[in-house]
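> In this note's numbering, the protein residues as written are 47 to 182. Note that beta-carbon positions come from the ideal geometry of N, C-alpha and C, so glycine has one too. Quick caveat, the model's predicted, so the values are computed rather than measured.
1. First and last residue of the beta strand (DSSP E) that includes residue 114?
2. So, does the region 150-157 touch the region 109-120, judging by three or more C-beta pairs under 8 Å?
3. Nearest by alpha-carbon distance to residue 166: which of 145, 97, 90 and 83 is it?
4. Under three-state DSSP, which class holds residue 213?
5. For residue 104, collect the residues of the same chain with a Cβ closer than 6 Å to its Cβ; drop the 5 residues on either side in sequence, then sort them by chain order.
6. Below 9 Å between beta carbons: does that hold for residue 87 and residue 141?
7. Would you check if the distance between the CB atom of residue 139 and the CB atom of residue 85 is smaller than 9 Å?
8. Going by Cα to Cα distance, which pick from 98, 80, 68 and 65 is closest to residue 160?
9. Measure the C-alpha to C-alpha separation of residue 118 and residue 162 and round it to an integer number of angstroms.
10. Return helix, strand or coil for residue 96, following the three-state DSSP convention.
11. In chain order, what residues of the same chain have a beta carbon less than 6 Å from the beta carbon of residue 148, not counting five sequence neighbours either side?
12. Between residue 97 and the rest of its own chain, which residues show a CB-CB distance below 8 Å, the 5 nearest in sequence each way excluded?
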């Protein structure tokens with residue numbers, strides 16, 4: 047399940063924010079095993095690289111719900127991003143179950159899979175532990 051939210055018109059931003067918050071509330075009621083909020087920009091080359099990979103991954107995993115947010119309207123999402131990421135605006139970002147954050151495009155799918163396993167409380171493989179927990 048994928049939802050798209052694009053905010054480019056400031057007058058439209060309030061309506062879109064309400065839709066986004068309503069959708070998050072619905073998803074929490076449905077209690078999907080994994081919820082991913084993907085923050086991206088259409089101008090970002092890294093986002094254009096990662097977005098199709100993420101969408102394909104979600105299509106193969108029906109237990110995952112995906113909400114995509116286009117953050118090009120910086121004024122609208124600054125507070126949301128700061129609250130979520132506790133830092134400056136940087137995309138692409140995937141937030142898994144409001145607990146785990148995957149930033150950037152380097153090794154995106156491997157890091158996403160690892161974060162999803164952590165979110166599901168599924169023990170990671172030894173290879174994954176060695177690769178991501180010990181990486182500096």
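According to the structure data:
1. Segment 110-116, the beta strand (DSSP E) holding residue 114.
2. A contact between stretches requires three or more CB pairs, one per stretch, nearer than 8 Å, and the region 150-157 fails this requirement with the region 109-120.
3. In this structure, 145 is the residue among 145, 97, 90 and 83 with its C-alpha nearest to the C-alpha of residue 166.
4. The structure shown does not extend to residue 213, since the chain spans only 47 to 182, so no value can be given for it.
5. Counting only Cβ-Cβ distances below 6 Å, and skipping sequence neighbours, we find 110 and 112.
6. Cβ distance not < 9 Å, so residue 87 and residue 141 don't count as in contact.
7. Closer than 9 Å, so yes.
8. Comparing Cα positions, the closest option is 80.
9. The alpha-carbon separation between residue 118 and residue 162 amounts to approximately 26 Å.
10. The answer is helix: DSSP assigns residue 96 an H, G or I state.
11. Excluding its 5 nearest sequence neighbours in each direction, residue 148 has C-beta neighbours in its own chain below 6 Å: 140, 157, 158 and 161, listed in chain order.
12. 84, 86, 114 and 138.
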